[in-house]
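Residues in the sequence shown are numbered from 52 upward in steps of one, following the numbering used here. Shown next, in structure tokens, is the structure this report addresses.
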Amino acid sequence: MSEILYHYMRKALSREAFGLSGDLAIFTPFSILSPPEETHGFILGRDDRGREVRVNPSKLPNMHGVIVGSTGSGKSTLARHILLQAQKLGIKEWVIDPHSEKSYTSIMDTRLELTVEKIYFMEHPGWSPEELASELSYYLEKIYAFPGYRSILREILAKCFEEKSLYPFEKVKNEDPNLKRIYDDLRKLYSEDGFKIRELAEKNLHITFPTLVSRELHATASQILLLLLEGYMRSLGSRNRVDLIVVLEEAHLLKDYFLRLFKEIRKFGLSILAVTQLPREFDSRIFQLAGYVVALSGPESYIADIASLFSLGREEFDHIAFGARGNALLFRSGDPRPRRIVLEIDPAVL
Numbered sequence: 052m053s054e055i056l057y058h059y060m061r062k063a064l065s066r067e068a069f070g071l072s073g074d075l076a077i078f079t080p081f082s083i084l085s086p087p088e089e090t091h092g093f094i095l096g097r098d099d100r101g102r103e104v105r106v107n108p109s110k111l112p113n114m115h116g117v118i119v120g121s122t123g124s125g126k127s128t129l130a131r132h133i134l135l136q137a138q139k140l141g142i143k144e145w146v147i148d149p150h151s152e153k154s155y156t157s158i159m160d161t162r163l164e165l166t167v168e169k170i171y172f173m174e175h176p177g178w179s180p181e182e183l184a185s186e187l188s189y190y191l192e193k194i195y196a197f198p199g200y201r202s203i204l205r206e207i208l209a210k211c212f213e214e215k216s217l218y219p220f221e222k223v224k225n226e227d228p229n230l231k232r233i234y235d236d237l238r239k240l241y242s243e244d245g246f247k248i249r250e251l252a253e254k255n256l257h258i259t260f261p262t263l264v265s266r267e268l269h270a271t272a273s274q275i276l277l278l279l280l281e282g283y284m285r286s287l288g289s290r291n292r293v294d295l296i297v298v299l300e301e302a303h304l305l306k307d308y309f310l311r312l313f314k315e316i317r318k319f320g321l322s323i324l325a326v327t328q329l330p331r332e333f334d335s336r337i338f339q340l341a342g343y344v345v346a347l348s349g350p351e352s353y354i355a356d357i358a359s360l361f362s363l364g365r366e367e368f369d370h371i372a373f374g375a376r377g378n379a380l381l382f383r384s385g386d387p388r389p390r391r392i393v394l395e396i397d398p399a400v401l
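Structure follows, in structure tokens:
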């Protein structure tokens, strides 16, 4: 009897393997249903299983996002839909819009037409004069394509920020035609009686430009506003909730800035939503760093660009091919699987 008992006890305690873990995968719930979807955040639409799909920047490693899509695919419509969702959650919002679309004005509290209305950028919380001068001079050199000008611009701008006046720039503007070009554009944006960043950050703003504005002036104005806003939000301290979302149309104009922003400014309550047509207009690292990316429909060449950044199967390719307006793919940081979704846009933004 004792021998029989010993035999069965030894067999029960043996380490013999009768199945591999991979053999059991088909019996897990995830083989039939994907993991549960996010229940908070911005509603985008429904996936191919009919489930509501949301994106919650506060729960992602990076609060910033990107919308890409070909002409007419609905990028601005989706951006307005997300802004309306943000309003319902009590989040402040900006739109920097070079096209001055009236559809944005209908959902925003305040319209700010730069060069007609001006800003006071000598008040810059979160930045020392030297830091802001260094950052701004770096981007101005790229915006105007004036190589080798960063050092002189940094020196001039540092004096301006220290003295809280454009007068140091005015004194040297005629020494070089390129310096005069930059000064003239800054002068169009600046006023001692202009809006301060603390005031602007408390408003839901539709920031626009007159029709006849150069690409460089638009990029310079957007860059100054975003640097001021970045410093202001940093001065309020680190936090994981989204307090202000900024939609930037034609975002490729500031592609150099976004790479640093997506790397360094992730948890200060500021969420940037960059809207552009072609993925190749951005450094590919931006898509690796973004908390979420929404890819709308487009031609095969555009989808090939998407496939070079993310893993796409045939089903994902077909979902956004052939001008299927309203279809989209959602990529979220930390989740390797793209979500095939059909957008459900709030009628108020159509």
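The beta-carbon is built from N, C-alpha and C at its ideal position, and this holds for glycine as well. The structure presented is a predicted model; accordingly, all values stated were derived computationally and were not measured.
For Thr327, the three-state DSSP class (helix, strand or coil): Three-state DSSP puts Thr327 in a strand.
Asp74: buried (16+ other C-beta within 10 angstroms of its C-beta) or exposed? Low confidence applies here, because Asp74 scores a pLDDT of 49, under 50, leaving its location unreliable and the question unanswered by this model.
Please classify Val167 as buried or exposed, where buried requires at least 16 other C-beta atoms within 10 Å of its C-beta. exposed
What does a CB cutoff of less than 7 Å around Pro112 pick up in its chain, not counting 5 residues either side in sequence? Gly342, Ser384, Gly385
With three or more C-beta pairs closer than 8 Å as the rule, is the region 252-264 touching the region 154-173? A contact exists between the region 154-173 and the region 252-264.
Please report how far the alpha carbon of Ile392 lies from the alpha carbon of Lys231, in whole angstroms. 50 Å
Report the three-state DSSP secondary structure of Glu343 (helix, strand or coil). The sequence given here places Tyr at residue 343; Glu does not occur at that position. Reduced to three states, the DSSP call for Tyr343 is strand.
Kindly indicate if chain D contains any beta-carbon less than 8 Å away from that of Arg232. Chain labels in this structure do not include chain D; a single protein chain is all it has.
Applying the criterion that 16 or more other CB atoms from any shown protein chain within 10 Å of the CB defines a buried residue, is Tyr155 buried or exposed? Around the beta carbon of Tyr155, 16 or more other beta carbons lie within 10 angstroms, which makes this residue buried.
6 Å Cβ shell around Val117 - same chain, five flanking residues per side excluded: Ala325, Ala341, Val344
Option nearest Tyr218 by Cα separation, candidates Arg238, Thr262, Tyr308: Arg238
Beta-carbon gap between Leu299 and Ser273 smaller than 8 Å: yes
Within the same chain, show all residues whose beta-carbon is closer than 7 Å to that of Ala184, passing over the 5 residues directly before and after it, in chain order. Within the same chain, Ala184 has close Cβ partners Arg205, Leu208, Ala209, Phe212.
First and last residue of the alpha helix (DSSP H) that includes Arg131? 126-139
Inspect the beta-carbon positions of Thr327 and Val146 and report whether they are closer than 8 Å. no
With burial defined as no fewer than 16 other Cβ atoms inside 10 Å of the residue's Cβ, what is the status of Lys153: buried or exposed? exposed
Residues of its chain near Lys215, where Cβ-Cβ distance is below 6 Å and the 5 sequence neighbours each way are ignored: Met173
Output the distance between the C-alpha atoms of Leu135 and Thr128, rounded to the nearest integer angstrom. 11 Å
Measure the alpha-carbon distance for Tyr195 versus Thr262 and round it to whole angstroms. The straight-line gap from Cα to Cα measures roughly 20 Å.
Is the separation between the beta-carbon of Ser348 and that of Asn378 shorter than 8 Å? yes
Do Lys169 and Leu240 have their C-beta atoms closer together than 8 Å? In contact: Lys169 and Leu240 (Cβ atoms closer than 8 Å).
Which listed residue (Ala252, Glu144, Tyr200) has its alpha carbon closest to that of Ile133: Closest option to Ile133, judged by alpha-carbon separation, among Ala252, Glu144, Tyr200: Glu144.
Between Gly92, Phe93, Asp99, which lies nearest to Leu380 when the distance is taken from Cα to Cα? Asp99
Reference Met114; option with closest CA among Glu182, Ile354, Val297: Val297
Going along the chain, which residues of its own chain have a beta-carbon closer than 8 Å to the beta-carbon of Pro387, five neighbours each way excluded? So the qualifying residues of the chain are Ser362.
Distance check for Ala302 and Leu329, CA to CA, integer angstroms please. Distance from the CA of Leu329 to the CA of Ala302, rounded to the nearest whole angstrom, comes to 11 Å.
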